[in-house]
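Student:
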Amino acid sequence: MPRALITGVAGFIGSHLAERLLDEGVSVVGMDNLLTGDIVNIERLAGRDFVFIRHDVTNYIHLEGPLDFILHFASPASPIDYLRVPIQTLKVGSLGTHNTLGLAKAKGARYLLASTSEVYGDPLVHPQREDYWGNVNPVGPRGVYDEAKRFAEAMTMAYNRVHGVSTRIARIFNTFGPRMRVDDGRAIPAFFGQALRGDDVTVFGDGGQTRSLCYVSDTVDGLLRLMRSDIDTPVNIGNAEELSIRALAEKIISATGSRSRIVLRPLPVDDPKVRQPDISLAREALGWEPRITLDEGLKRTFDFFRKKLSL
Ligand code: UDP
Numbered sequence: 011m012p013r014a015l016i017t018g019v020a021g022f023i024g025s026h027l028a029e030r031l032l033d034e035g036v037s038v039v040g041m042d043n044l045l046t047g048d049i050v051n052i053e054r055l056a057g058r059d060f061v062f063i064r065h066d067v068t069n070y071i072h073l074e075g076p077l078d079f080i081l082h083f084a085s086p087a088s089p090i091d092y093l094r095v096p097i098q099t100l101k102v103g104s105l106g107t108h109n110t111l112g113l114a115k116a117k118g119a120r121y122l123l124a125s126t127s128e129v130y131g132d133p134l135v136h137p138q139r140e141d142y143w144g145n146v147n148p149v150g151p152r153g154v155y156d157e158a159k160r161f162a163e164a165m166t167m168a169y170n171r172v173h174g175v176s177t178r179i180a181r182i183f184n185t186f187g188p189r190m191r192v193d194d195g196r197a198i199p200a201f202f203g204q205a206l207r208g209d210d211v212t213v214f215g216d217g218g219q220t221r222s223l224c225y226v227s228d229t230v231d232g233l234l235r236l237m238r239s240d241i242d243t244p245v246n247i248g249n250a251e252e253l254s255i256r257a258l259a260e261k262i263i264s265a266t267g268s269r270s271r272i273v274l275r276p277l278p279v280d281d282p283k284v285r286q287p288d289i290s291l292a293r294e295a296l297g298w299e300p301r302i303t304l305d306e307g308l309k310r311t312f313d314f315f316r317k318k319l320s321l
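As structure tokens, this is what we get:
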């Protein structure tokens with residue numbers, strides 16, 4: 011039976027990945043220091059072929075036994091988190107990537123890096139293709155995340171080239187669904203929380219900035235297809251349907267039947283004006299594309315937040 015290590019297993023995407031791998035008969039070791047992850051996300055895995063180790067992967071990792079896959083998903087991933095814990099964000103992307111790559115080399119395991127659309131920064135090319143190098147401000151507040159992930163990609167390619175480690179790099183675009191933290195500050199949890207409480211819905215800037223939102227089961231499907239493919243260059247994983255943040259706020263207000271009103275708040279520094287993945291590579295090479303529509307995904311996410319907020 012194959013055995014996988016998932017770092018950041020108690021996080022949003024990490025916990026969904028763990029569940030899917032277990033369903034497929036993979037034995038899973040999950041690691042997390044619970045800085046931004048929540049143990050509640052993995053409670054349902056008790057009794058399955060799953061072991062949880064509380065560990066900060068920026069420190070040396072010791073793990074007994076064979077390992078076939080390492081999926082490095084540990085990192086704060088929302089703008090307010092990396093503003094709150096900037097040094098930890100830099101460390102997990104750099105030292106944590108180095109340690110997990112070292113472990114992959116020692117075990118002969120295949121390595122999947124969770125990279126991000128943030129490597130494109132505030133993009134000057136639209137939509138973003140994998141061969142675009144990005145427009146990142148290294149010293150701005152988001153730089154701690156963007157540059158850590160850019161370093162992580164460089165380190166991953168170096169281990170591939172120098173040590174022959176079998177590596178995969180997923181550039182994950184905005185993903186949403188159940189198990190997002192209500193208070194993680196990102197648009198979807200923020201809007202659901204505000205709409206369900208009847209509070210004002212805070213749209214930053216004029217709301218004209220765009221994002222393209224992928225439902226988590228589609229993201230996980232793309233990630234696992236990439237892991238099992240033979241592509242070692244970066245691959246965009248995301249939904250190509252783009253919409254403005256104002257349109258997203260309106261959709262969530264109407265989906266929840268809320269009477270909340272939209273209020274405009276200042277745009278955070280370096281907030282990307284547009285974001286949309288070109289997913290031609292994933293389509294052609296992985297035979298993958300998202301299947302869950304935004305409306306269907308929002309419906310499922312609404313159910314989660316309604317229960318979470320006990321409304
Ligand atoms: N946003 C907003 N109101 C909020 C939270 C976020 O208007 O309460 C905006 C944010 O400025 C950005 C977009 O929604 O333009 C997506 O933000 P998010 O934090 O979800 O992720 P990002 O794509 O910026 O990493």
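For what it's worth, the working numbering labels the leading residue of the sequence shown as 11, then goes sequentially.
By construction, the Cβ of each residue, glycine as well, lies at the ideal position given by its N, Cα and C atoms.
Just so it is clear, the structure is predicted and the values come from calculations on it, not from any experiment.
Are there 16 or more other CB atoms within 10 angstroms of the CB of Tyr169, so buried, or fewer, so exposed?
Tutor: buried
Student: Identify every run of the alpha helix (DSSP H) within the region 65-102, keeping only runs that are complete inside it and at least 4 residues long; order them along the chain.
Tutor: 89-94
Student: Is there at least one non-hydrogen atom of ligand 1 closer than 6 Å to the beta-carbon of Val213?
Tutor: yes
Student: Terminal residues of the continuous alpha helix (DSSP H) containing Thr212?
Tutor: No alpha helix (DSSP H) contains Thr212, which is instead part of the beta strand (DSSP E) from 211-214.
Student: Would the C-beta of Asn184 count as close to ligand 1, meaning under 6 Å from any of its heavy atoms?
Tutor: For ligand 1, at least one heavy atom lies less than 6 Å from the Cβ of Asn184.
Student: Leaving out five residues before and five after Ile262 in sequence, what residues of the same chain have Cβ atoms less than 7 Å from its Cβ?
Tutor: Phe201, Phe202, Ala205, Leu308
Student: For Arg285, count neighbouring Cβ atoms within 10 angstroms of its own Cβ and tell me buried if that reaches 16, exposed if not.
Tutor: Buried, by the Cβ-count rule.
Student: Please state whether the Cβ-Cβ distance between Ile71 and Ala119 is less than 7 Å.
Tutor: No. Outside cutoff.
Student: Measuring only the C-alpha atoms, how far is Asp365 from Gly131?
Tutor: The chain is shown from 11 up to 321; residue 365 falls before or after that span and cannot be answered.
Student: Scan the region 253-318 and note each continuous alpha helix (DSSP H) run of 4 residues or more that stays entirely inside, going in chain order.
Tutor: 255-266, 304-318
Student: Pull up the distance between the alpha-carbon of Val50 and that of Ser25, whole angstroms please.
Tutor: 10 Å
Student: How about Val39 and Val61: are their beta carbons less than 7 Å apart?
Tutor: yes
Student: Nearest to Asp305 by alpha carbon, out of Leu223, Glu29, Met165?
Tutor: Leu223
Student: With a 10 Å radius around its C-beta and 16 neighbouring C-beta atoms as the bar for buried, classify Leu77 as buried or exposed.
Tutor: buried
Student: Using 8 Å as the threshold, is the region 183-201 in touch with the region 253-273, meaning 3 or more CB pairs across them?
Tutor: yes
Student: Could you tell me whether the Cβ atoms of Ala180 and Leu233 are closer together than 7 Å?
Tutor: Using a Cβ distance threshold of 7 Å, Ala180 and Leu233 count as a contacting pair.
Student: What first and last residue would you give for the beta strand (DSSP E) that runs through Arg13?
Tutor: For Arg13, the enclosing beta strand (DSSP E) covers residues 13-17.
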